[in-house]
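*Asks:* My questions will all concern the structure given below.
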């Protein structure tokens with residue numbers, strides 16, 4: 034019997050999976066909602082007899098190894114070591130198995146070494162003196178907190194970390210490059226982070242996945258710089274402080290979501306230890322999925338500006354899809370939690386205790402900003418609120434807020450329901466065009482849909498000409514679709530009429546498949562040409578909003 038089989042036989046799959054998911058007995062088997070796709074009816078089945086699992090919704094299945102690999106995004110060597118430890122099996126580290134250490138494990142180890150270096154420079158080396166003084170004097174941290182969060186400092190000199198890892202720890206150039214710790218120029222390696230305070234980013238298992246770095250010199254831009262995407266670091270899947278806050282979140286069954294690292298640290302210093310910071314301004318699906326493992330509730334405590342408010346709105350849909358309850362903490366004494374806590378800690382804690390349900394908060398906000406007594410004011414209020422209410426998955430809660438809205442506006446519930454019905458009908462129409470199975474980002478899907486509308490119109494040249502100014506100012510998320518659009522613009526500079534065959538011959542081979550997809554895309558039937566053009570305008574506007582929003586929230 035090999036060691037993998039030995040481990041498999043010692044791990045009871047029902048007990049193992051129940052550590053991650055709530056299971057219910059279903060005859061001889063157990064059932065739960067699948068963690069690998071969104072569903073309301075459980076289709077994820079675990080068989081204690083055969084020690085396997087299978088999802089009849091998405092088709093995934095396997096044993097304890099495959100579950101751990103899927104759930105934790107591990108490679109087999111990682112899963113083997115994790116389950117061996119759980120089963121009490123000591124692995125025989127043959128030379129073959131030693132070579133099996135995955136790229137991810139190598140990056141974790143390398144990041145851990147880098148973290149020790151950064152932390153030493155900040156706390157023990159003269160080079161870190163100014164950075165330490167900034168944290169202690171200006172940010173009012175203490176050395177205990179610096180150690181708890183393992184903050185560090187990246188020296189301003191070009192290759193201090195790279196030289197340390199290459200010469201002292203015997204790593205190779207490719208290791209540092211794959212971890213995102215260094216970059217290459219003129220055949221030499223240079224440190225990716227220089228002259229910056231280092232915030233380590235851990236996953237929920239305690240591995241160092243990457244770093245966020247704040248410029249010590251206010252003139253250096255960008256102010257914050259994150260590790261580039263690597264095999265283990267994905268910005269939309271990370272939280273700062275989760276490794277420290279995880280147990281408190283599970284204990285309280287509540288997570289406080291803040292924007293910045295200093296916000297999370299300030300809360301911790303005040304004894305509020307269930308706070309994590311997002312790497313961006315809005316929660317992503319991956320972040321919500323991760324949080325849902327530990328808590329059914331989140332408190333959004335984002336910056337008190339327009340970006341923070343928009344982040345709250347954008348976070349709602351993903352929170353609803355995962356079934357998490359959301360509340361809002363209204364910060365009154367500062368632009369962010371860090372500032373508010375420094376000015377009035379008691380006031381902040383009071384606001385935290387008096388958190389408001391997110392939909393109550395939004396109702397209050399939009400009603401206070403518009404004249405509910407005028408027809409125009411009522412329209413603005415419902416235009417803002419009804420699309421948000423439409424996403425509420427619990428019908429009782431949805432009805433509660435619809436009744437509340439009709440009462441505030443002094444209109445009938447029937448009228449409010451009719452307006453809601455229009456919104457839901459539009460959403461169904463979009464779903465008919467855009468497949469539910471399409472897992473790509475919405476922005477990329479809409480780009481493909483827009484190009485399909487342009488290419489399949491009766492006069493593509495007219496649409497390009499009428500919308501050229503808007504579209505040329507837009508940067509496509511999909512490089513292939515962007516190149517096809519640029520090709521269309523150039524085509525019509527030399528040709529009056531569109532000819533698909535001629536145009537496709539001008540495209541490079543790697544773009545032909547994307548072009549064919551757009552050209553054959555199954556579009557809905559439109560009432561007339563005007564309706565068709567309205568749809569194009571609508572998609573352009575939505576993509577413009579996506580572009581502006583994404584551009585505004587990217588720190589680097």
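In the numbering used here, the protein residues as written are 34 to 589. The C-beta atom is built at its ideal place from N, Cα and C for all residues, glycine as well.
Answer with buried or exposed for residue 522, where buried requires no fewer than 16 other C-beta atoms within 10 angstroms of its C-beta.
*Replies:* In the chain shown, the residue the question calls residue 522 occupies position 489. Residue 522 comes out exposed.
*Asks:* When DSSP labels each residue in this structure, what does residue 234 get in the three-state scheme?
*Replies:* Working through the chain shown from its first residue, we reach residue 234 at position 201. Correct three-state label for residue 234: strand.
*Asks:* Classify residue 55 as buried or exposed, calling it buried when 16 or more other Cβ atoms lie within 10 Å of its own Cβ.
*Replies:* If you number the chain shown from 1, residue 55 lands on position 22. With fewer than 16 other Cβ atoms within 10 Å, it is exposed.
*Asks:* What is the residue span of the alpha helix (DSSP H) that residue 500 lies within?
*Replies:* For the purposes of this step, residue 500 is taken as the residue at position 467 of the chain shown. Residues 493-505.
*Asks:* Whole angstroms is fine: what's the gap from residue 363's alpha carbon to residue 272's?
*Replies:* Stepping through the chain shown from its first residue, residue 363 is reached at position 330. Stepping through the chain shown from its first residue, residue 272 is reached at position 239. Straight-line Cα distance between these residues: approximately 21 Å.
*Asks:* For residue 65, count the other beta carbons within 10 Å of its own beta carbon; 16 or more makes it buried, fewer makes it exposed. Which is it?
*Replies:* Reading the chain shown from its first residue, position 32 is the one you call residue 65. By the neighbour-count rule (16 or more Cβ atoms within 10 Å), residue 65 is buried.
*Asks:* Look at residue 237 and residue 285 and say whether their C-beta atoms are less than 8 Å apart.
*Replies:* Stepping through the chain shown from its first residue, residue 237 is reached at position 204. Stepping through the chain shown from its first residue, residue 285 is reached at position 252. No; because the gap between Cβ atoms is not below 8 Å, this pair is not in contact.
*Asks:* Shorter than 8 Å from the beta carbon of residue 567 to some beta carbon of chain D?
*Replies:* In summary, chain D is missing from the structure at hand, where a single protein chain is found.
*Asks:* Quick check: does the Cβ of residue 497 come within less than 7 Å of any heavy atom belonging to the ligand NAD?
*Replies:* Absent from the structure shown: the ligand NAD. Ligands present: none.
*Asks:* Could you pull the start and end residues of the alpha helix (DSSP H) that residue 324 belongs to?
*Replies:* To locate residue 324, count along the chain shown from 1; it is residue 291. Looking at the DSSP string, the run of the alpha helix (DSSP H) that includes residue 324 is 318-324.
*Asks:* How about residue 365 and residue 380: are their beta carbons less than 8 Å apart?
*Replies:* One-based indexing of the chain shown puts residue 365 at position 332. One-based indexing of the chain shown puts residue 380 at position 347. Yes. Within cutoff.
*Asks:* Over what stretch of residues does the beta strand (DSSP E) that includes residue 403 continue unbroken?
*Replies:* Here residue 403 corresponds to residue number 370 of the chain shown, with the count starting at 1. Where residue 403 is concerned, there is no enclosing beta strand (DSSP E), given that its DSSP letter is neither H nor E.
*Asks:* Where does the unbroken beta strand (DSSP E) through residue 197 begin, and where does it stop?
*Replies:* In the chain shown, counting from the first residue as 1, residue 197 sits at position 164. Per DSSP, residue 197 belongs to no beta strand (DSSP E) and is neither H nor E.
*Asks:* When you compare only the Cα positions, how much space is there between residue 427 and residue 330?
*Replies:* Numbered from 1 along the chain shown, position 394 holds the residue referred to as residue 427. Numbered from 1 along the chain shown, position 297 holds the residue referred to as residue 330. Cα to Cα, residue 427 sits roughly 15 Å from residue 330.
*Asks:* Could you tell me which whole beta strand (DSSP E) segments of length 3 or greater appear in the region 284-347?
*Replies:* Entirely contained in the region 284-347, the beta strand (DSSP E) runs reaching 3 residues are, in chain order, 288-291, 308-311, 330-333.
*Asks:* I need the straight-line Cα distance from residue 52 to residue 98, nearest angstrom please.
*Replies:* The count along the chain shown starts at 1 and reaches residue 52 at position 19. The count along the chain shown starts at 1 and reaches residue 98 at position 65. Their backbone Cα atoms lie some 14 Å apart in a straight line.
*Asks:* What does the Cβ neighbour count give for residue 320, buried or exposed, with the cut at 16 atoms within 10 Å?
*Replies:* Looking up residue 320 in the chain shown gives position 287. Per the 10 Å Cβ criterion, buried.
*Asks:* For residue 87, which of helix, strand or coil comes out of DSSP?
*Replies:* Taking the chain shown and counting its residues from 1, one reaches residue 87 at position 54. Three-state result, residue 87: strand.
*Asks:* Since residue 224 and residue 192 are thought to touch, with beta carbons under 8 Å apart, how far apart are those beta carbons, to the nearest angstrom?
*Replies:* Translated into positions along the chain shown, residue 224 becomes position 191. Translated into positions along the chain shown, residue 192 becomes position 159. Contact holds; Cβ gap of about 6 Å.
*Asks:* Under the three-state reduction of DSSP, which class applies to residue 259: helix, strand or coil?
*Replies:* Mapped onto the chain shown, residue 259 falls at position 226. Looking at residue 259 - three-state DSSP - the assignment turns out to be strand.
*Asks:* Of the choices 243, 152, 516, whose alpha-carbon is the least far from that of residue 542?
*Replies:* Along the chain shown, one-based indexing puts residue 542 at 509. Among 243, 152, 516, the Cα nearest to that of residue 542 is on 516.
*Asks:* Given a threshold of 16 other Cβ atoms within 10 Å of its Cβ, counted over all protein chains shown, does residue 45 qualify as buried or as exposed?
*Replies:* As a first step, residue 45 is located in the chain shown; it is residue number 12 there, counting from the start. Result: exposed.
*Asks:* With a CB to CB cut of under 7 Å and the five nearest residues on each side skipped, what residues in its chain are close to residue 12?
*Replies:* The displayed coordinates of the chain run from 34 to 589. Any statement about residue 12 would go beyond what the structure contains.
*Asks:* Measure how close the beta-carbons of residue 195 and residue 227 come, nearest whole angstrom, since I'm counting them as under 8 Å.
*Replies:* Mapped onto the chain shown, residue 195 falls at position 162. Mapped onto the chain shown, residue 227 falls at position 194. No, residue 195 and residue 227 are not in contact; Cβ-Cβ is about 11 Å, not under 8 Å.
*Asks:* Keeping to the same chain, check which residues put their C-beta closer than 8 Å to that of residue 163; ignore five residues upstream and five downstream.
*Replies:* As a first step, residue 163 must be located in the chain shown, where it is residue number 130. Around residue 163: 249.
*Asks:* Which word fits residue 123, buried or exposed, when buried means at least 16 other C-beta atoms lie within 10 angstroms of its C-beta?
*Replies:* Position 90 of the chain shown, counted from the first residue, corresponds to residue 123. It counts as exposed.
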